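Novice:
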Amino acid sequence: MKVNILAIETATPVCGIALFRQGELVEIREKTLYREHAEKLPLFFEELREATNLKLGKLDGIAVSIGPGSFTGLRIGLSYAKGLAFSADIPLVPVSTLLAMCFGSKPKLGTVRCLLHSHKDIAYGQDFRVETSAVIPEGKPEVKTVAEHLESLPEGTDILHYGCNEPLSQLSTSALQAKPSALHVGKLACDRYDDLVKRDFYKLEPDYMSVFKLGN
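If you count by numbering that gives the first Met the number 0, then the sequence shown holds residues 0 to 215, one letter each, in order.
1. Measuring alpha carbon to alpha carbon, tell me which of Ala-99, Phe-70, Gly-68 and Asp-59 ends up nearest Ala-87.
2. Quick one: residues in its chain with C-beta nearer than 6 angstroms to the C-beta of Ser-104, no 5 flanking neighbours on either side, listed in chain order?
3. DSSP on Lys-54, reduced to helix/strand/coil?
4. Grab me the residues of Ala-10's own chain with a C-beta within less than 7 angstroms of its C-beta, minus the 5 sequence neighbours each way, in chain order.
5. Specify the secondary structure class of Ala-17 as computed by DSSP and reduced to three states.
6. Whole angstroms is fine: what's the gap from Ala-50's alpha carbon to Leu-167's?
7. Excluding the five sequence neighbours on either side, which residues of its own chain have a C-beta within less than 6 angstroms of the C-beta of Ser-132, listed in chain order?
8. On a Cα-Cα basis, can you pick out the residue from Gly-22, Phe-127 and Ala-37 that is closest to Gly-15?
9. Go ahead and pull the three-state DSSP assignment for Ala-122.
10. How is Leu-213 classed by DSSP in three states: helix, strand or coil?
11. Locate the alpha helix (DSSP H) running through Lys-105, then write down its first and last residues.
12. Suppose the cutoff is 8 angstroms on Cβ atoms and the five residues either side in sequence are ignored; what does the same chain contact list for Lys-143 look like?
13. Output needed for Gly-56: all residues of its chain with C-beta closer than 8 angstroms, excluding positions within five of it in sequence on either side, in chain order.
14. Would Met-0 be called buried (16 or more neighbouring beta carbons within 10 Å of its own) or exposed?
15. Would you list the one or two residues that DSSP bridges to Cys-113?
16. Measuring only the C-alpha atoms, how far is Gly-138 from Gly-22?
17. When DSSP labels each residue in this structure, what does Thr-144 get in the three-state scheme?
18. With a CB to CB cut of under 6 angstroms and the five nearest residues on each side skipped, what residues in its chain are close to Val-184?
19. Mind checking which residues open and close the beta strand (DSSP E) that includes Gly-60?
20. Go ahead and pull the three-state DSSP assignment for Pro-181.
21. Taking just the CA atoms, how far does Gly-82 sit from Leu-175?
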């Protein structure tokens, strides 16, 4: 859709913010960080606002990567998105982190299991059916060891991952690399705006999925 969207990704080590006008990317600020999202996200926003003469009131919504992902990163991203949306009286557009990863990676047609590293050998995972014009979730996300994800992998299913290099190599398993990005969050929000938009977002919470663990 030709909507104006500001997209935020903080659910992973990637910290990013992107502006879309009429459904097209205008500007993006993004970097892979560790434990600096709270400091960098506002700076990226100010840089982007100055570069694009952004007026929040002209946006159709704030898209945010809603999880699963980092407990702290999810809180930072959603809190910042809510603050911007509330100040301009515009809606939020929550986007599944795993769906955005799969959508942005453009895997071949068929079934794909998307894995996102959580901690140690644990990963969030979900299956998606990739069609010519859509990426469709199949089942709900699960959190378990990478080995357990592989054990339950249907025949013919490709693997797409972010951050699971070590456990996958230990299991002698090859997989396609994915990268979370505000670009993918924003593009998905534009394409599926009517399905994802939430105007009453005050009680919206991140999709944490698992208990927070120190050091994650």
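Cβ coordinates follow ideal geometry from the N, Cα and C atoms, glycine included. Quick caveat: nothing in here was measured; it's all calculated off a predicted structure.
Specialist: Based on what the coordinates show:
1. Translated into the one-based positions of the sequence shown, residue 87 becomes position 88. By alpha-carbon distance to Ala-87, the top candidate from Ala-99, Phe-70, Gly-68 and Asp-59 is Asp-59.
2. To locate residue 104, count along the sequence shown from 1; it is residue 105. Result list for Ser-104: Leu-159 and Ala-177, in chain order.
3. One-based indexing of the sequence shown puts residue 54 at position 55. Residue state, collapsed to three classes: coil.
4. If you number the sequence shown from 1, residue 10 lands on position 11. For Ala-10, where only same-chain residues beyond five positions count, the Cβ hits under 7 angstroms are Ser-64, Gly-66, Gly-68, Ser-69, Gly-72, Leu-73, Gly-76, Thr-96 and Pro-179.
5. Taking the sequence shown and counting its residues from 1, one reaches residue 17 at position 18. In this structure, Ala-17 counts as strand in the three-state DSSP scheme.
6. One-based indexing of the sequence shown puts residue 50 at position 51. One-based indexing of the sequence shown puts residue 167 at position 168. A straight-line Cα-Cα distance of about 41 angstroms links Ala-50 and Leu-167.
7. Here residue 132 refers to the residue found at position 133 of the sequence shown. Cβ neighbours of Ser-132 beyond the five flanking positions: none.
8. The residue labelled residue 15 in the question sits at position 16 within the sequence shown. Considering only alpha carbons, the answer is Ala-37.
9. Position 123 of the sequence shown holds residue 122. If DSSP states are grouped into helix, strand and coil, Ala-122 belongs with the strands.
10. Stepping through the sequence shown from its first residue, residue 213 is reached at position 214. Here the model assigns Leu-213 a pLDDT of 39, short of 50, so the residue's position is not dependable and the matter cannot be decided.
11. Counting from 1 along the sequence shown, the entry for residue 105 is found at position 106. First-last for Lys-105: undefined, no H or E at that position.
12. Indexing the sequence shown from 1 puts residue 143 at position 144. Within the same chain, Lys-143 has close Cβ partners Ile-121, Ala-122 and Gly-124.
13. Position 57 of the sequence shown holds residue 56. The answer, listed in chain order, is Ala-87, Asp-88 and Ile-89.
14. Position 1 of the sequence shown, counted from the first residue, corresponds to residue 0. Met-0 is exposed by the Cβ-count criterion.
15. Against the sequence shown, residue 113 aligns to sequence position 114. In DSSP, Cys-113 forms a bridge with Gln-125 and Leu-159.
16. The residue labelled residue 138 in the question sits at position 139 within the sequence shown. The residue labelled residue 22 in the question sits at position 23 within the sequence shown. Computed Cα separation, rounded: 29 angstroms.
17. Translated into positions along the sequence shown, residue 144 becomes position 145. DSSP places Thr-144 in strand when its eight states are reduced to three.
18. The residue given as residue 184 occupies position 185 in the sequence shown. Cβ within range, chain order: Ala-6, Glu-8, Ala-62, Ser-64, Val-94 and Ala-99.
19. Start at 1 with the first residue of the sequence shown, and residue 60 comes out as number 61. Where Gly-60 is concerned, the enclosing beta strand (DSSP E) stretches over 60 to 66.
20. By one-based count along the sequence shown, residue 181 stands at place 182. Looking at the sequence provided, one finds Ala at residue 181 rather than Pro. Residue state, collapsed to three classes: helix.
21. For the purposes of this step, residue 175 is identified with residue 176 of the sequence shown, where counting begins at 1. For the purposes of this step, residue 82 is identified with residue 83 of the sequence shown, where counting begins at 1. Their backbone Cα atoms lie some 36 angstroms apart in a straight line.
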